[in-house]
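Worksheet: the structure to be examined is printed underneath.
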């Protein structure tokens, strides 16, 4: 089953332009006070805490993860993998400016005011039913406003990476994991020059001297 | 028996320090390594700085979740600012050569001719490069991968080309005792890939070169017409965050070899803007992808990742962007983010991953006059992340659309049950008659179809005219006596073939000019 097709063209050019400009301004200001998260549904936080996101932003990630990865026989659940926590850890390795953009994006995605301006919805994303959440995701994906498509792409990548980084899903996709050769104990040596001679190996040239 | 040189990490200096050498080489990929090997052979004292970590087969465990953060720029998530193009680019000792898919092509003569005729590049001829390629092809064991060892993923492209009468070829790979595992993109666990990590870098270290990993070079130091060295901050090997220790390397000559995003960024941070040309003419061989569900497993994560190619469509006539065809390996984590959709449709495709073949069409950008490429700019100068703008133009989307048609026909001819585009809402095609109407009707717009790149070029274009280029025909920065750029960033256009062998050859050729400037 695929998601519903993109929305039919229903906006006049002037309206689209206005929304486009507003969209850019909103994303830039996503974390500002007037867009503060309110009315979202809280979720249990990881016991070892959060490194990048606020509890409210974490709840958005968690909600998106539950739509991106559906319960399926033989597949680990979003809770078993800890997708939103993993996404927080991935974000923690990015640079401060990228973290700031991700926080802004989650704020904008959740926010009722932005939802209203973009698509007429006033409830926070986390408070919507599943089918309505899918519709919102589809609206971002298919938006004529490029910055929303960009935001969707970033959010989707972060959440899917948070899930598919886990080796526990390998059986579900028929992947057996790296071959045993990777466990070669002979490789347990890291050459650093100095008092160590260069170890022999495939990369050492044994042929005639080269010009 | 000891070794003359050393390989150091980010924790090997407790306090900020200054060292002297003849040539400091910034970057340890194809360009920096091929250059440094030659300089040490001439007896020069070389220090090589690499921003990424020193990871060897000891650490290559074949896991995507470990490998992308360690071995790729921005953990494998580098992209253009608008996220429309995913940029896979290496970042560790060995640079891209540690993680590339081992594909080797010499530079096409017509591309070198184009550079001469349209960009004023003098002296960089096929005749000049051939002696260097011949040596490197021996040293790096570059040879055609035999048809009987080709994996099923490549076989789809090979068979499809055969059935439709498109030209096809076997790829030459830089491998020695390769076991055909298929994990080249995550670092070779056997040191069978003849990457710089296990060949020319150790060769140079044996002659006394110092490699400093985890060193992020923040600026080139300049006095008058001379570069006097570089200043780097050391990064913690575990967290990749600055340790607070600064390393200053004073040198008689500076060679910037950070590749086609980080080299222009370093010049810009150093106030070297090349009359506004630094960061311009940035090309990335934009790639479109078609996936196909095959009737039998192709197990696309197993076997030499790239073994077959077709250059049938590399020249498509006036006003059109050509493309060439190859296949990528497919592994779960990267597949999950590159394949479109989410929820059940996405999971259904992922569940069939062993049956999924993918073809890629790599577009030869930069040849047409209006195809001026993208732009690399600085963001916060304190950060390593830079702004990457690559406007996809109508000429690109025309090539994408036609390339997707070609790939669909090839995949169907090879027996695919269904082929799918990587549009945000995938186009699904089951028979050849559907190819044109369905793909003509698809949305060809940035952010609506997955575009990726594994080849980054340009940003410090070489050329005869300082008003339109960054380095001259000897790769010397216009206006300075002893600053060179030696990597894929000097290409004034993209190549139309996988770039590593071109970079090896040009770097080895350019070592004579770097050495002469150091005398």
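Residue numbers (this note's numbering), protein chains in the order written: chain F, 1 to 211; chain G, 1001 to 1519. The C-beta atom is built at its ideal place from N, Cα and C for all residues, glycine as well. In this text, all values refer to a predicted model and were calculated from it rather than measured experimentally.
Notebook entry, point to check: Between residue 1138(G) and chain F, is there a C-beta pair that is closer than 8 Å?
Noted result: By this cut-off, residue 1138(G) is an interface position.
Next item on the list: Grab the span of the beta strand (DSSP E) containing residue 1174(G) for me, first residue to last.
Entry: Start and end: 1172 to 1174.
Notebook entry, point to check: What's the C-alpha gap between residue 1119(G) and residue 1347(G)?
Noted result: Whole-angstrom Cα-Cα distance: 48 Å.
Item checked: Burial state of residue 1405(G) (16 or more Cβ within 10 Å) -> Buried: at least 16 other Cβ atoms inside 10 Å.
Check: How many Å lie between residue 1030(G) and residue 1392(G) at the Cα?
Finding: For residue 1030(G) and residue 1392(G), the gap between their C-alpha atoms comes out near 27 Å.
Margin query: The alpha helix (DSSP H) that contains residue 1006(G), what's its start and end?
Written below: Here residue 1006(G) belongs to no alpha helix (DSSP H); instead the beta strand (DSSP E) covers 1006 to 1008.
Note to self: In this structure, how does DSSP classify residue 1212(G) when only helix, strand and coil are distinguished?
What the structure shows: The answer is strand: DSSP assigns residue 1212(G) an E or B state.
Margin query: Against chain F, which members of the stretch 1436 to 1448 of chain G pass a CB distance test of less than 9 Å?
Written below: Listed by position, the residues of the stretch 1436 to 1448 of chain G near chain F (Cβ gap below 9 Å) are 1443, 1445, 1446, 1447, 1448.
Checklist line | C-alpha gap between residue 1048(G) and residue 1013(G), whole angstroms | finding: Rounded to the nearest whole angstrom, the CA to CA distance from residue 1048(G) to residue 1013(G) is 15 Å.
Next item on the list: Please classify residue 1022(G): does DSSP put it in a helix, a strand, or coil?
Entry: It is a strand residue.
Note to self: Under DSSP, the beta strand (DSSP E) around residue 1521(G) begins and ends at which residues?
What the structure shows: As displayed, chain G neither begins before 1001 nor continues past 1519, which places residue 1521(G) out of reach and without an answer.
Checklist line | Beta-carbon neighbours of residue 1596(G), restricted to chain F and to distances below 8 Å | finding: Absent from the structure is residue 1596(G), since the part of chain G shown begins at 1001 and ends at 1519.
Checklist line | Cβ separation of residue 1359(G) and residue 1330(G), assumed to be a contact under 8 Å, to the nearest whole Å | finding: Not a contact, Cβ separation roughly 11 Å.
Next item on the list: Determine the closest residue to residue 1480(G) out of 1487(G), 1471(G), 1193(G), with distance taken between C-alpha atoms.
Entry: Scanning 1487(G), 1471(G), 1193(G) for the CA closest to the CA of residue 1480(G) turns up 1471(G).
Notebook entry, point to check: Interface residues of chain F around residue 1394(G) at Cβ under 7 Å?
Noted result: The premise fails here: residue 1394(G) is roughly 16 Å from chain F at the closest Cβ pair, so nothing lies under 7 Å.
Next item on the list: Within the same chain, show all residues whose beta-carbon is closer than 8 Å to that of residue 76(F), passing over the 5 residues directly before and after it, in chain order.
Entry: Counting only Cβ-Cβ distances below 8 Å, and skipping sequence neighbours, we find 166, 168, 169, 172.
Margin query: Looking at chain F, is there any beta carbon in it that lies within less than 8 Å of the beta carbon of residue 1342(G)?
Written below: Interface with chain F (8 Å Cβ-Cβ cutoff): residue 1342(G) is included.
Notebook entry, point to check: In whole angstroms, what separates the C-alpha of residue 1094(G) from that of residue 1194(G)?
Noted result: If you take the alpha carbons of residue 1094(G) and residue 1194(G), they lie about 10 Å apart.
Notebook entry, point to check: Going straight from the alpha carbon of residue 1170(G) to that of residue 140(F), what length do you get?
Noted result: When rounded, the distance between both Cα atoms is 42 Å.
Note to self: Using 8 Å as the threshold, is the C-beta distance between residue 969(G) and residue 1115(G) below it?
What the structure shows: The structure shown does not extend to residue 969(G), since chain G is modelled only from 1001 through 1519, so no value can be given for it.
Checklist line | Residues bridged to residue 1423(G) (per DSSP) | finding: BP columns for residue 1423(G) point to 1449(G).
Next item on the list: Can you tell me which of the three DSSP states residue 1272(G) falls into?
Entry: Residue state for residue 1272(G) is assigned as coil, using DSSP reduced to three classes.
Check: Which of helix, strand or coil does DSSP assign to residue 1436(G)?
Finding: In the three-state reduction of the DSSP assignment, residue 1436(G) falls in the helix class, which pools H, G and I.
Item checked: First through last residue of the beta strand (DSSP E) which encompasses residue 1326(G) -> Looking at the DSSP string, the run of the beta strand (DSSP E) that includes residue 1326(G) is 1323 to 1326.
Checklist line | Neighbouring residues, chain C, relative to residue 98(F) (Cβ below 7 Å) | finding: Among the chains of the structure shown, chain C does not appear; the protein chains present are F and G.
Item checked: Unbroken stretches of the alpha helix (DSSP H), 4 residues or longer, contained in the stretch 1108 to 1151 of chain G -> Entirely contained in the stretch 1108 to 1151 of chain G, the alpha helix (DSSP H) runs reaching 4 residues are, in chain order, 1109 to 1119, 1126 to 1139.
Check: How about residue 47(F): is its C-beta nearer than 8 Å to some C-beta of chain G?
Finding: Not closer than 8 Å to any Cβ of chain G, the Cβ of residue 47(F) fails to qualify, so no.
Checklist line | Proximity of residue 1403(G) and residue 1323(G) at Cβ, strictly below 8 Å | finding: Contact flag set, yes.
Next item on the list: Less than 8 Å between the CB atoms is what I'm expecting for residue 1265(G) and residue 1482(G), so what's the real figure, rounded?
Entry: About 21 Å separates the Cβ atoms of residue 1265(G) and residue 1482(G), ruling out a contact at the 8 Å cut-off.
Next item on the list: Find out if the Cβ-Cβ distance for the pair residue 1515(G), residue 1042(G) is shorter than 8 Å.
Entry: By the CB criterion at 8 Å, residue 1515(G) and residue 1042(G) fall inside the cutoff.
Check: Is the Cβ-Cβ distance between residue 1485(G) and residue 1251(G) less than 8 Å?
Finding: Against a cut-off of 8 Å, the Cβ pair of residue 1251(G) and residue 1485(G) comes out as no contact.
Notebook entry, point to check: Does the stretch 1073 to 1087 of chain G come close enough to the stretch 1241 to 1248 of chain G to have 3 or more Cβ pairs within less than 8 Å?
Noted result: Short answer: they don't touch.
Check: When burial is assigned at 16 or more other CB atoms within 10 Å of the CB, is residue 1452(G) buried or exposed?
Finding: Flag for residue 1452(G) reads buried.
Checklist line | Amino acids of chain F, ordered along the chain, whose beta-carbon sits closer than 7 Å to that of residue 1192(G) | finding: 202, listed in chain order.
Notebook entry, point to check: In whole angstroms, what is the alpha-carbon distance linking residue 1335(G) and residue 1302(G)?
Noted result: If you draw a straight line from the Cα of residue 1335(G) to the Cα of residue 1302(G), it comes to about 14 Å.
Next item on the list: Would you decide whether residue 207(F) is buried or exposed? Buried here means 16 or more other CB atoms lie within 10 Å of its CB.
Entry: Residue 207(F) sits exposed, since fewer than 16 C-beta atoms from the chains shown fall within 10 Å of its C-beta.
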